[in-house]
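Enquirer: Chains as they are written, first to last, in the working numbering: chain C, 27 to 615; chain Y, 13 to 129; chain L, 967 to 1233; chain G, 17 to 170. Handing you a structure now.
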Amino acid sequence: METSSHDVLLVGGGGAGLRAAIAVAETNPKLRVAVISKVYPMRSHTVAAEGGAAGVVKPDDSIDEHCYDTISGGDWLCDQDAVEAFIKEAPQELLRLEHWGCPWSREPDGHIAVRAFGGMKKRRTWFAADKTGFHILHTLFQTTLKYNEIFRYDEWFVTKLLVDDGRVCGVVAIELMSGRIQAITAKAVVLCTGGCGRVFPYTTNAAIKTGDGMSLAYRAGAPLKDMEFIQYHPTGLPFTGILITEAARAEGGYMLNKDGYRYLQDYDLGRPEPKPVLRSMELGPRDRLSQAFVKEIEKGRTIHGPYGEVVHLDLRHLGEKLINQKLPFVRELCLKYEGLDPVTQLIPVRPVVHYMMGGVSTDINGATPLPGLYAAGECACVSINGANRLGSNSLPEILVFGARAGVAAAEFASGAAEQVSQAVLAQAEDERRRLEQQFLRKTDGNERVAVIREAMQKTLESGAGIYRTQKSLEDAATHLAILRERAGNIALDDHSRTFNTELLSALELHCMLDVAICIVHSALSRTESRGAHQRTDYPDRNDRDFLAHTLISQDEHGAIRVNYKPVTITRWPPGERVYGQPTQTAAKA
Amino acid sequence: MEAKKSHEPIFWTLFSAGGVVAALLLPVHLFIFGMAVPLHWIHGPAYNLLLSLAQMPIARLYLFVMCSLPLFHFAHRFRYTLYDGLQIKHLNEVVFASCYGIAVLGTVAAGWLLWRI
Amino acid sequence: MAAGGTRVRTANSDRSESITMARNIDIELQVSRYSPEQDLEPHLQSYRVPIRDEWVILDALNYVKDKIDGTLTFRWSCRMGICGSCGYMINGEPKLGCATFLKDYAPGPVKIEPLRNFPIVRDLVIEISDFLEKLKKVKPWLIHEGSNGQGEYLQTPDQLEQFRQHSMCINCLLCYAACPISGLDPIFIGPAALALAHRYNKDSRDQGSAERMATLSHPDGIWGCTFVGECTRVCPKHVDPAGAIQQYKLAAAMDGMKSFLMPWGKR
Amino acid sequence: MDSAAARARASAGGHSQTAPAYTEFHPRWYRPRISTYWWLGRWPYVKFILRELSSVAVAWTVAFTLFQLWSLSQGEVAYSTFTRRASSPIMIALNVIAFGFLLLHSITWFNLAPKAMAVRVSGKRLPAILISGPQFLGWFAISAIVLWIYMVRT
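Quick look at the structure:
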């Protein structure tokens, strides 16, 4: 088998991967660094982030306030040392991006402009109109072109991590263009493969977000952390799941039920004011808004649409000028995909799966428990998002922890010896044989990728959606076990070597099934409600037993193990999450 | 390559200037002398008057500009039309020499005629 | 395209799940197929798919891939017009598959082919490494000498406005498919890359325009463009590459004239 | 690698020279050829080629004018020969066609000018009409003045 060799290998070419690549190149220009990505880097899903990136920059703001918002927003499941490091470094990273050319929106005097965002008590969200992710990704990608030392494997799919004596020393990957299966060895591997929204039927996530990196790490024996915490974004378009950014609410949009009533006032989120109030009503956190939607359905106050129940997002009172200036992409998306103009019409929205708080368990430098393996971005869980991520924290997260993981991996690789044993090459050879036999040459299967994928998505939606119960989760677990069995019996129409996307989707399906199983089992074990994980059979938060991270892993025999690891609390002891007017806060206390 | 790099802006400038002159001045001239007079929409010019008009220094300058710059406009544009329309970029040298040859010859002819008129 | 190669395939009842959609109205897709392992050249294959109001071309292709023919090969990802993966020729026009509604082509047929002016890898998948080389050539990154330390480079909204439009390029390459020069002259740097170069040149924080001029003012750069204007017309993000290139020509011409008239002046 | 490429070359004879046979793990791209008549069949391309061909009408008009000036310089007899020739049906037909192309050139030229000129006044880009408009007005004015001089002075 052909092999190639690098010092640091970044799996995934999105925001985290590219930021990490630059960090490696800057840390030690002598290192042979490579980015391997299943799509061209500028196609990565970072591109779709809209609203903005939070970073403390204005004089009226402080690191501590951002920390508090993040920690309370995460329902005290955040590791507070990680949060603090993150929030201190976020503005520097955003500034670095500014120096690399990111076209941040500006104040009239030329300084960075900031906007309000859900769950944030201060205005601190940097933005580039409502295409922030797009500009960040392209700025990073174009900046990496400057570094000749960054080698790219574009449109290669990693199928396995090579592990030798407990240490990760490379990957096996398939080149889509040629169908070549190859071992790529490296002293350090950084997973930056993004999230797994595609395990659900309605998601803002792109087709490529299939949890590949989480599954790779899980199969290699690394634990996944807090996988039960899945963020629903309260405002997705009903058929496509296309995201209508939170910035639409930050600029003053209202959430209305079928009576035109701002229903969030009924859910402990404050009183309706004509202008947006920080940490109140429409600017509450995403988990609470999505949960309020389900309650509205139960009350029969939602609107029946062709794709199920919806509520309305009302931007009409903002006026055409503000919408064009601050939310042009929202208008473009509504016109294009819903045939309506938000300047004059209501936007039908529903909660859709948006983000995975959990992921590959890492420390504050992106290191996983497996030596040589690092992770950053949505596929990782450093634990800054806890049980519910605040909007505009994920873009700085990919930058801060992309850079940290890059630096850590570079330092590890600088000190490590090349370790490519015969056993590793044999593993790679075995993997190649597996891919050939189970997929490319297999003709006797009778299952179809899309059928199993759809069944899995429906199972997750009904079993592990916004509200879960013991029964729904157990049913889902049973169902997923059957689906995993069936997935072993997939037959491909396509046996071609060249750009075999059906093979790719089969491999992705296996990754998604791993991730789905982890989600359901993690959710089953956590018998409390916290943030985005709401158990109707255990409606209260239980800090005595569950102020802890779920760690799910599998042993050599494939048996699932769930463990817990205490949350790191430094300066912010667990308290109640209060949103809405200060007067209400006082009344409640 | 280096030589071409430094010259292309000059050719493009001539092309643009010629394009402007051609757009502003040529239609009315062709309209008068190519259509209106031959078709007797307007009366034909008296020879002497026309000659004295053309002999005015300002008119000579005007006519020179009107003839020379549009030829450079033509040379540039027609060159690319041949490249793209006929896919003959490999004949670059021949095409280039012919197009600009016409432009230079036309300009010299115009200068000579207007000098002697 | 070999007309004889046209075969119609529809969903096998045993394979498609219970199809909830109304099947009374459907439409014929004619999709360009090319398998490098079997074919010498592309041919069209027909599929019948239902029409639904909210379906874009991409939904129809995915319907085929999922239910009728798993070998159909195409790129896609975000399906919201921002990742730039799904550019195809749809009835001869370069368009994004995720932003083009199926119902607009009723009663059909709709012809879907790979983007023009690129080598075809397979079916609708084109080879784009050439574009990435060209992109790198124009140095699409901020060049700023001096202090790269603390504090932001100030930029007023007006200064941002100068290049904002040209920064919207999603590299979907529809402009290359629309540009005849890109097809005729493969070394022409092309609309998207030139527009991105212009984007950095017009950025008030950038000081690299002189550096970029060497590449751009080359005959394969801006001078190759004859202003067909199609790149701008097909651009789904209104980047206006044609305008960018002409503006750049004007700037380069001024620059050229200056050094021609004043060779002693500073460059 | 080398041997694979050699195999690819060796098996090329089986099909055609431009399309070597597929070799496992080596992508084989199909490169469509561009027809010589690429500009036919799509209206935007036809329009483009017509616009570019207007340069021939420009050259023709200059040639016609140079011929006129030469006749003028050769005396009254020569000039009357010129006017006679200019009145022949073929010349009139040619000039009508050329005139059509000149109009096409003028209109497209003025309409495209705003694209090339991003004029900004107090931060806002000047609308296209404010750039092309004055050019059209200038064109009409110059044409009117030339016509007026011709009518009055001759």
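Heads up, the beta-carbon is just placed ideally off N, CA and C, and yes, glycines get one too. For clarity, every value in this text was computed on a predicted model and none was experimentally measured.
With a Cβ-Cβ cutoff of 7 Å, do Arg561 (chain C) and Arg603 (chain C) count as a contact?
Expert: Residue 561 (chain C) sits at position 535 when you count from the first residue of the first sequence. Residue 603 (chain C) sits at position 577 when you count from the first residue of the first sequence. No, the Cβ-Cβ distance between Arg561 (chain C) and Arg603 (chain C) is not below 7 Å.
Enquirer: May I ask you to report which of helix, strand or coil DSSP gives Arg58 (chain G)?
Expert: As a first step, residue 58 (chain G) is located in the fourth sequence; it is residue number 42 there, counting from the start. Coil, per DSSP.
Enquirer: Ignoring anything shorter than 4 residues or poking outside the region 530–612 of chain C, list the alpha helix (DSSP H) runs there in chain order.
Expert: Those alpha helix (DSSP H) runs which fall completely within the region 530–612 of chain C and span 4+ residues are 569–572.
Enquirer: Report the residue from L:Ala1144, L:Pro1207, L:Gly1195 and L:Val1194 whose alpha carbon sits nearest the alpha carbon of His1164 (chain L).
Expert: The residue given as residue 1164 (chain L) occupies position 198 in the third sequence. Selected option, being the one with the closest Cα: L:Pro1207.
Enquirer: Let me make sure I understand the geometry here. Which of C:Asp87, C:Leu396, C:Leu416 and C:Lys321 has the alpha-carbon closest to that of Ala243 (chain C)?
Expert: Sequence index remark: in the first sequence, residue 243 (chain C) carries index 217 (1-based). The option with the nearest alpha carbon to Ala243 (chain C) is C:Leu396.
Enquirer: Hey, which unbroken runs of the alpha helix (DSSP H) at 4 residues or more fall wholly within the region 92–161 of chain G?
Expert: 92–102 and 105–132, all fully within the region 92–161 of chain G.
Enquirer: What three-state label does DSSP hand Lys468 (chain C) in the structure shown?
Expert: The residue given as residue 468 (chain C) occupies position 442 in the first sequence. Of the three classes helix, strand and coil, the one that applies to Lys468 (chain C) here is coil, per DSSP.
Enquirer: Verify whether the separation of the beta carbon atoms of Glu582 (chain C) and Arg567 (chain C) is less than 7 Å.
Expert: Against the first sequence, residue 582 (chain C) aligns to sequence position 556. Against the first sequence, residue 567 (chain C) aligns to sequence position 541. Contact flag unset, no.
Enquirer: CA-CA distance, Ile22 (chain Y) and Val1200 (chain L)?
Expert: The sequence position of residue 22 (chain Y) within the second sequence is 10, counting from 1. The sequence position of residue 1200 (chain L) within the third sequence is 234, counting from 1. For Ile22 (chain Y) and Val1200 (chain L), the distance between alpha carbons rounds to 31 Å.
Enquirer: Run through chain Y and tell me which residues come within less than 9 Å of Met167 (chain G), C-beta to C-beta.
Expert: On the fourth sequence, position 151 is the one that residue 167 (chain G) refers to. Ile54 and His55, listed in chain order.
Enquirer: Candidates C:Lys251, C:Thr169, C:Thr158 and C:Gln257: which alpha carbon is nearest Lys1102 (chain L)'s?
Expert: Your numbering for residue 1102 (chain L) matches position 136 in the third sequence. Closest option to Lys1102 (chain L), Cα to Cα, is C:Thr169.
Enquirer: How is Glu1093 (chain L) classed by DSSP in three states: helix, strand or coil?
Expert: The count along the third sequence starts at 1 and reaches residue 1093 (chain L) at position 127. Looking at Glu1093 (chain L) - three-state DSSP - the assignment turns out to be coil, as it is neither helix nor strand.
Enquirer: Taking DSSP as the reference, what is the three-state secondary structure of Thr185 (chain C)?
Expert: To locate residue 185 (chain C), count along the first sequence from 1; it is residue 159. Note: Thr185 (chain C) maps to strand in three-state DSSP.
Enquirer: In the region 303–327 of chain C, which residue ranges form an unbroken beta strand (DSSP E) of at least 3 residues, counting only runs that do not cross its ends?
Expert: Correct list: empty.
Enquirer: The alpha helix (DSSP H) with Tyr1214 (chain L) in it runs from where to where?
Expert: As a first step, residue 1214 (chain L) must be located in the third sequence, where it is residue number 248. Start and end: Pro1207 to Leu1227.
Enquirer: Residues in the region 1208–1221 of chain L with C-beta within 9 Å of chain Y's C-beta atoms, listed in sequence order?
Expert: Listed by position, the residues of the region 1208–1221 of chain L near chain Y (Cβ gap below 9 Å) are Lys1215, Leu1216, Ala1218, Ala1219, Met1220 and Asp1221.
Enquirer: Where does Pro69 (chain Y) land, buried or exposed, given buried means 16+ other C-beta within 10 angstroms?
Expert: As a working note, residue 69 (chain Y) is residue 57 in the second sequence. It is exposed - the Cβ of Pro69 (chain Y) has fewer than 16 other Cβ atoms within 10 Å.
Enquirer: According to DSSP, is Ala209 (chain C) part of a helix, a strand, or is it coil?
Expert: Counting from 1 along the first sequence, the entry for residue 209 (chain C) is found at position 183. Three-state result, Ala209 (chain C): strand.
Enquirer: CB-CB under 8 Å to Ala1065 (chain L), same chain, minus the five flanking residues each way: which ones, in chain order?
Expert: For the purposes of this step, residue 1065 (chain L) is identified with residue 99 of the third sequence, where counting begins at 1. Around Ala1065 (chain L): Val1022, Gly1047 and Pro1202.
Enquirer: For Arg122 (chain C), which beta-bridge partners are listed by DSSP?
Expert: For the purposes of this step, residue 122 (chain C) is identified with residue 96 of the first sequence, where counting begins at 1. DSSP, once it has assigned bridges, lists no residue as partnering Arg122 (chain C).
Enquirer: Just to confirm the assignment: which complete alpha helix (DSSP H) runs, minimum length 4, are found wholly within the region 451–532 of chain C?
Expert: Whole alpha helix (DSSP H) segments, 4+ residues: 475–489 and 496–513.
Enquirer: Looking at Val50 (chain C) and Val61 (chain C), is the spacing between their C-beta atoms short of 7 Å?
Expert: On the first sequence, residue 61 (chain C) is found 35 positions in, with the first residue counted as 1. On the first sequence, residue 50 (chain C) is found 24 positions in, with the first residue counted as 1. Contact: no.
Enquirer: Please work out which residues of its chain come closer than 6 Å, Cβ to Cβ, to Ile424 (chain C), disregarding the five sequence neighbours upstream and downstream, and give them in chain order.
Expert: On the first sequence, residue 424 (chain C) is found 398 positions in, with the first residue counted as 1. Cβ neighbours of Ile424 (chain C) beyond the five flanking positions: Gly41, Ala42 and Gly403.
Enquirer: Along the region 120–136 of chain G, where does the CB come closer than 8 Å to a CB of chain L? Name the residues.
Expert: Residues passing the 8 Å Cβ filter: Leu128, Lys131, Ala132, Met133, Ala134 and Arg136.
Enquirer: For Phe1067 (chain L), which residues in the same chain have their Cβ closer than 6 Å to its Cβ, ignoring the five residues on either side in sequence?
Expert: Taking the first residue of the third sequence as position 1, residue 1067 (chain L) is located at position 101. Within the same chain, Phe1067 (chain L) has close Cβ partners Val1022.
Enquirer: Please report the distance separating the alpha-carbon of Gly491 (chain C) from that of Leu56 (chain G).
Expert: Counted from its first residue, the first sequence places residue 491 (chain C) at position 465. Counted from its first residue, the fourth sequence places residue 56 (chain G) at position 40. Spanning the two alpha carbons is a distance of roughly 56 Å.
Enquirer: Could you check where the beta strand (DSSP E) with Met382 (chain C) kicks off and where it finishes?
Expert: To locate residue 382 (chain C), count along the first sequence from 1; it is residue 356. Here the beta strand (DSSP E) through Met382 (chain C) covers Ile373 to Met382.
Enquirer: Taking 7 Å as the threshold (beta carbon to beta carbon), is Glu1099 (chain L) in contact with chain C?
Expert: Position 133 of the third sequence holds residue 1099 (chain L). No, Glu1099 (chain L) does not count as interfacial toward chain C.
Enquirer: Tell me, to the nearest whole angstrom, how far the beta carbon of Lys148 (chain C) is from that of Leu304 (chain C); I am working on the premise that it is less than 8 Å.
Expert: Numbered from 1 along the first sequence, position 122 holds the residue referred to as residue 148 (chain C). Numbered from 1 along the first sequence, position 278 holds the residue referred to as residue 304 (chain C). With 8 Å as the limit, Lys148 (chain C) and Leu304 (chain C) qualify as a contact, their Cβ atoms being about 7 Å apart.
Enquirer: Would you mind reading off the limits of the alpha helix (DSSP H) that contains Val107 (chain Y)?
Expert: Looking up residue 107 (chain Y) in the second sequence gives position 95. Residues Asn104 to Arg128.
Enquirer: If we count the other Cβ atoms within 10 Å of its Cβ and call it buried at 16 or more, is Glu20 (chain Y) buried or exposed?
Expert: To locate residue 20 (chain Y), count along the second sequence from 1; it is residue 8. With 16 or more Cβ atoms within 10 Å of its Cβ, Glu20 (chain Y) is classed as buried.
Enquirer: For Ala1176 (chain L) versus Trp24 (chain Y), is the C-beta spacing smaller than 7 Å?
Expert: By one-based count along the third sequence, residue 1176 (chain L) stands at place 210. By one-based count along the second sequence, residue 24 (chain Y) stands at place 12. Contact: no.
Enquirer: Would you say Arg45 (chain C) lies against chain L (beta-carbon separation less than 7 Å)?
Expert: Mapped onto the first sequence, residue 45 (chain C) falls at position 19. No, no contact with chain L.
Enquirer: Helix or strand or just coil, what does DSSP make of Gln445 (chain C)?
Expert: To locate residue 445 (chain C), count along the first sequence from 1; it is residue 419. Here Gln445 (chain C) sits in coil by DSSP.
Enquirer: I'd like the list of long-range same chain contacts for Ile1029 (chain L), defined as Cβ closer than 7 Å, with 5 residues on each side in sequence excluded.
Expert: Here residue 1029 (chain L) refers to the residue found at position 63 when the third sequence is read from its first residue. Correcting the residue type first, residue 1029 (chain L) is Tyr in the shown sequence and not Ile. Same-chain partners within the cutoff: Val1015.
Enquirer: Do you know offhand how far Lys131 (chain G)'s Cα is from Leu142 (chain G)'s?
Expert: Taking the first residue of the fourth sequence as position 1, residue 131 (chain G) is located at position 115. Taking the first residue of the fourth sequence as position 1, residue 142 (chain G) is located at position 126. Going from the Cα of Lys131 (chain G) to the Cα of Leu142 (chain G) covers about 11 Å.
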